[in-house]
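In order, the protein sequence lines correspond to chains A and B.
Residue numbering for the first sequence follows this note's numbering, starting at 244 and increasing by one per position.
Residue numbering for the second sequence follows this note's numbering, starting at 5 and increasing by one per position.
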Amino acid sequence: MQLSDFLSPDRIVCNSDASSKKRALELLSDLLAADQPDATATDIFESLISRERLGGTGIGYGVAIPHGRLKNCDHATAAFIQLKQAIDFDAIDKQPVDLLFALVVPEESSEDHLKLLAMLAGMFNDDDFRQQTRQCQSGQDLHRLFIEQAGN
Amino acid sequence: MELLNNLLLIAALLLFGSIVVSSISARVGAPLLLIFLIVGMLAGEEGPGNLVFDDVGTAYLIGSVALGIILLNGGLHTKVESFRVGLRPALTLATVGVLITSALVGLLAAWVFDLHWLQGLLLGAIIGSTDAAAVFSLLHARGMNIERRVGATLEIESGSNDPMAVFLTIMLIEILLTQGSLFAWNTLLLFAIQMGIGAVAGILGARLLVYMVNHLSLANGLYPLLVTSGGLLIFALANSLGGSGFLAIYLLGVGLGNRKLHAGQNILRVHDGLAWLSQIGMFLILGLLVTPSELLPLAGDALLIALALIFVARPLAVLVCLAPYRFVWREQLYIAWVGLRGAVPIILALFPLLAGLEQAELYFNVAFFVVLVSLLMQGWTVAPVARLLRLEIPPGPEPVMQIDTLIPGHPECEILVYKLGSTSPLRNRSPDYFVLPGTARLTSVIRHGISYDANDIERFEPGDYLHILAASNEVEQINRLFTTLEYAADHQFFGDFILEPSARLCDLSTAYGVPVPHACDTLSVGEYLTQQFHNKPVVGDRVKLDKIELVVLEMEAGQIVKIGLKITG
Chain A
244 MQLSDFLSPD RIVCNSDASS KKRALELLSD LLAADQPDAT ATDIFESLIS
294 RERLGGTGIG YGVAIPHGRL KNCDHATAAF IQLKQAIDFD AIDKQPVDLL
344 FALVVPEESS EDHLKLLAML AGMFNDDDFR QQTRQCQSGQ DLHRLFIEQA
394 GN
Chain B
5 MELLNNLLLI AALLLFGSIV VSSISARVGA PLLLIFLIVG MLAGEEGPGN
55 LVFDDVGTAY LIGSVALGII LLNGGLHTKV ESFRVGLRPA LTLATVGVLI
105 TSALVGLLAA WVFDLHWLQG LLLGAIIGST DAAAVFSLLH ARGMNIERRV
155 GATLEIESGS NDPMAVFLTI MLIEILLTQG SLFAWNTLLL FAIQMGIGAV
205 AGILGARLLV YMVNHLSLAN GLYPLLVTSG GLLIFALANS LGGSGFLAIY
255 LLGVGLGNRK LHAGQNILRV HDGLAWLSQI GMFLILGLLV TPSELLPLAG
305 DALLIALALI FVARPLAVLV CLAPYRFVWR EQLYIAWVGL RGAVPIILAL
355 FPLLAGLEQA ELYFNVAFFV VLVSLLMQGW TVAPVARLLR LEIPPGPEPV
405 MQIDTLIPGH PECEILVYKL GSTSPLRNRS PDYFVLPGTA RLTSVIRHGI
455 SYDANDIERF EPGDYLHILA ASNEVEQINR LFTTLEYAAD HQFFGDFILE
505 PSARLCDLST AYGVPVPHAC DTLSVGEYLT QQFHNKPVVG DRVKLDKIEL
555 VVLEMEAGQI VKIGLKITG
């Protein structure tokens, strides 16, 4: 499975001014819902927030990867937002978050789900990559950067 | 007068030389204690130093005092948290374990050296205990961080098994001198009395000393010495009342180390220095005392004893003693391997010499040889074996400097200095995003030797020194913050995501589509992990659930507070 299969430039927002964890997750849910005809933004928000309740998905270094499994869904979808101002996200390192990559997957595909998550966490573990992500000025640039990084 | 000055010259030269030589130890990875022992041997009668020293009484006196100081310092650094996971296994090892090891090695020694079986047992008892100096210094060598369950067990064992070995040795010497019988009820009573008096003296002594440190008004430099002299006083007092002084001073150290003390950092720092001085002094003296040429004829037989101790007796004792506590095999193997012998066996071997027992020379030389082999084989490999058995926890960053601000009439504050490593999650981030708990504040940043106001720093850089001013009761929280920061950087070990311990196992199963054990699905993740590790989880404990792994990330007062989730694929 390629990153380009489930992340398109129209689901990437650059320089967003979402100012709280809730607002950021709502924005991500809206973006994801556009690619999920059988699920509403509310369904997606519920799925993401119920995962957050188990423990924040902030993986440190200002990055969070909210994720969840979804009923009535037949393909994985991702969305990304880059924030103007970092927000409190209850991250593993207790530091605020300004890069959020969200992922929803069909309920059946637990194995692919886990593989994708591991890949994303690995991708954002790279310091240079995070710096480049923060410097990008448009969704197109970010998309290109992600595809490039995932190809490596 | 000139004689005295010469003595001083020699002693200072030896001490100075040992300290200088120790700097190469880090480079070759050799245990420092081995180096001190070798310096002593080189300075001795058959080395280039050509010093003749055979005053057993002096060696015994210096050795006991030094060991007392080392145990005091070990106690000061032993956190009560360690007792939660390590106390019972360690006490079993310190009693039953010493008995089993001594008996097995003793019987073999009787056969190898053609001794009476009681004489064999005496030799076994002499080399029966692990050494606090060796264990404390090797487990805390720079950059080492051992999983808590194993580290606590080894440390408490080494702090508390000397009394047992001392007791066995003295009892066997008595029996050999008087041809008495072995199993009399009064020997058991004697043991109970020794431990009882030692424990009471240590615990009461600690209370008294805590009170005095916090209430007496002294020059700042005197607080550490108050603790040292108080410790030695309790040590000697317990001994003269017929108790175990070693146990007393160790417990005294534990009692002090877990209380808030006036000038606490200063006390710790001075005792670290004193413990070093004691180790150097003790091993130098013991190295001087031995006559290496007398070791050579024994080498083959003594090596056999050493190997039997390391590869058979100790592992068997560990296996038996830890059976009730359900350690995993990697932990057991490591505890078996770190049965370090050090100064204690050599000091115990002085007892038969002092008592004028036959074969006393043999005991001494064999004990010395066994210690050499143990330091060489086990001491040298403490760190690599921990890595091999995956028992090393990535070390949390320690403050490079921690200073009490002792301003009379003000609440106690501490200044903590942290150095940012090249992988620190804070690098390249703005100080605005650096959130500290409570009233703690980042006061300044030292970069390339120049001090900057925290507000003038745009981004942190690797190599920055962060100066943080915090109330004394916030220090622990800040240390934990830096540890979590570092752990967040180590996805390899601690995983990618965090889970709250209160998360339900069934919800976890829903979120990731992994099966959970049916009987457990009403439990929370924290309860499940606690149950899996028999109510005594430690940081680094992990459980695999299909394709994910749960890792204990952070503990507080015996409770799990953060769990890592690692995807193993």
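Idealized CB from N, CA, C, for every residue including glycine.
Please read all numbers here as calculations on a predicted model, not as lab measurements.
(message) Would you say A:S293 lies against chain B (beta-carbon separation less than 9 Å)?
(response) yes
(request) Buried or exposed for B:L181, please, with buried defined as at least 16 other CB atoms from any protein chain shown within 10 angstroms of its CB. (result) exposed
(request) Would you tell me roughly how many angstroms separate the C-alpha atoms of A:G365 and B:C325, rounded to the nearest one? (result) 42 Å
(request) Would you check if the distance between the CB atom of B:D500 and the CB atom of A:A361 is smaller than 9 Å? (result) yes
(message) Which residues in chain A have a C-beta closer than 8 Å to the C-beta of B:P429? List them in chain order.
(response) G303, Y304, D336 and Q338
(message) Please report the straight-line C-alpha distance between B:A458 and B:T443, rounded to a whole angstrom.
(response) 16 Å
(request) Jot down the residue ranges of each uninterrupted alpha helix (DSSP H) in the stretch 318-358 of chain B, minimum 4 residues, whole runs only, in chain order. (result) 318-326, 333-341 and 347-352
(request) Give, in chain order, every residue of the stretch 456-471 of chain B whose Cβ lies closer than 8 Å to some Cβ of chain A. (result) none
(request) Using beta-carbon positions only, say whether B:G259 and B:G206 come within less than 9 Å of one another. (result) yes
(request) Whole angstroms is fine: what's the gap from B:L75's alpha carbon to B:E465's? (result) 40 Å
(message) Between B:A138 and B:L379, how many whole angstroms is the CB-CB distance? I'm expecting something under 8 Å.
(response) 7 Å
(request) Counting only the same chain and skipping the five closest in sequence on each side, list residues whose C-beta sits under 6 Å from that of B:I461. (result) P435 and V449
(request) Say whether chain B places a C-beta atom closer than 9 Å to the C-beta of A:K264. (result) no
(request) In angstroms with no decimal places, state the Cα-to-Cα distance between A:H318 and A:V348. (result) 6 Å
(message) Helix, strand or coil, according to DSSP, for A:K314 in the structure here?
(response) coil
(request) Identify every run of the alpha helix (DSSP H) within the stretch 239-298 of chain B, keeping only runs that are complete inside it and at least 4 residues long; order them along the chain. (result) 249-261 and 268-293
(message) So, under 8 Å CB-CB, B:D59 and B:G346 are touching, yes? Tell me the CB distance rounded to an integer number of Å.
(response) Actually they do not touch by this definition, with Cβ atoms about 21 Å apart.
(message) Within 10 Å of its beta-carbon, does A:R254 have 16 or more other beta-carbons around it, so buried, or fewer, so exposed?
(response) buried
(request) Tell me whether A:P349 sits in a helix, a strand or coil according to DSSP, three-state version. (result) strand
(message) For a cutoff of 9 Å on Cβ pairs, would you count A:L297 as touching chain B?
(response) yes
(message) When you compare the CB of B:R433 with every CB in chain A, is at least one pair closer than 9 Å?
(response) yes
(request) Give the residues of chain A in contact with B:G647, contact being defined as C-beta atoms less than 8 Å apart. (result) For chain B, the structure presents residues 5 to 573; residue 647 of chain B sits outside this window and is missing.
(request) Since I believe B:L470 is in contact with B:L576 (beta carbons under 8 Å), could you give me their beta-carbon distance rounded to a whole number of angstroms? (result) Outside the modelled stretch of chain B, which goes from 5 to 573, sits residue 576 of chain B, for which no answer is possible.
(request) Given a cut-off of 9 Å, decide if A:L246 and A:A236 are closer than it, judged by their beta-carbon atoms. (result) This structure cannot settle anything about residue 236 of chain A, because the visible part of chain A is limited to 244 through 395.
(request) Quickly, what does DSSP pair B:Q406 with across the bridge? List them, please. (result) B:L420
(message) Taking CB distances under 9 Å as the criterion, tell me whether A:I308 reaches chain B.
(response) yes
(request) Helix, strand or coil for B:D500, going by three-state DSSP, please let me know. (result) coil
(request) Give me whichever residues DSSP pairs with B:V449 in a beta bridge. (result) B:Y456 and B:L470
(request) Could you name the residues of the stretch 536-565 of chain B whose beta carbon sits closer than 9 Å to any beta carbon of chain C, in the order they occur along the chain? (result) Among the chains of the structure shown, chain C does not appear; the protein chains present are A and B.
(message) Pull the bridge partners of B:E553 from the DSSP assignment, please.
(response) B:K548 and B:K570
(message) Just to confirm, is the Cβ distance from B:W507 to A:G303 under 9 Å?
(response) For the sequence presented, residue 507 of chain B should be read as Ala rather than Trp. No, the Cβ-Cβ distance between B:A507 and A:G303 is not below 9 Å.
(request) For B:A267, I'd like the list of residues in its chain whose CB is within less than 7 Å of its CB, leaving aside the five on either flank, ordered along the chain. (result) N224, Y227, D408 and L410
(request) Return the bridge partner residues of B:E558 from the DSSP annotation. (result) B:K566
(request) Report the partner residues of B:R211 according to the DSSP bridge assignment. (result) Answer is none; B:R211 lacks a bridge partner.
(message) Below 8 Å on the Cβ atoms is my contact criterion, and I expect B:Y367 with B:L158 to pass it. Report the Cβ-Cβ distance as a whole number of Å.
(response) The Cβ separation is near 26 Å, so there is no contact.
(message) Can you give me the C-alpha to C-alpha distance between A:E289 and A:A267, rounded to a whole angstrom?
(response) 13 Å
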